[in-house]
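Numbering (the numbering used here), first residue to last: 189 to 322. Data block below; observations after.
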Ligand code: HEM
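Below is the structure:
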């Protein structure tokens, strides 16, 4: 299990900022020229809420929670080789975009918060990729 207390608090501060997920998608789409096309037909109003929930599930999973595990299993299936076929290397763009975003949005960002976000998200990403390869 991974310490998630600082991530939970940081995520709560980020969610107080109505632009949090918008800033994430700006950073994410700008991080790789392939992404704009992949999200060309996406309903972002819906997608933003889904992503917010997705991040919560990543935190729950790192906490050892069974609902989090199931949610990431499902994400692995939808993003993996029998689903959208997202190449595993793309998750690094996702992680770096999220880190960049939280650094911009969380007023109490520091290196300890960053380390916990990275550990927590890496743990979930590994599980999503593993499930997606099955
Ligand atoms: C841990 C990282 C990620 C999380 C938590 C996440 C979360 C989600 C969620 C919750 C959805 C809604 C559909 C579903 O539940 O399957 C979704 C859709 C999608 N994701 Fe991800 N995702 C992640 C990484 C990525 C990456 C790295 C890419 C590609 C570069 C990607 C591309 C997409 C696309 C194209 C959709 C469909 C959007 C649409 O409906 O038009 N995701 N993602």
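Every residue gets a Cβ at the ideal spot worked out from N, C-alpha and C, and that includes glycine.
Exercise for review: Determine the extent of the alpha helix (DSSP H) in which residue 241 is found, giving its start and end residues.
Suggested key: Element bounds for residue 241: 232-250.
ask   = According to DSSP, is residue 282 helix, strand or coil?
value = Three-state result, residue 282: helix.
Q.
I'd like the span of the alpha helix (DSSP H) that includes residue 257, first residue to last.
A. Its alpha helix (DSSP H) spans residues 254-267.
**Report entry** Endpoints, alpha helix (DSSP H) assigned at residue 210
**Finding:** 208-219
When every heavy atom of the ligand HEM is checked, does at least one fall within less than 8 Å of the C-beta of residue 258?
no
Residue 275 (DSSP reduced to helix, strand or coil): coil
Would you kindly work out how many angstroms separate the C-alpha atoms of residue 257 and residue 248, rounded to a whole number? Straight-line measurement puts the Cα of residue 248 at about 8 Å from the Cα of residue 257.
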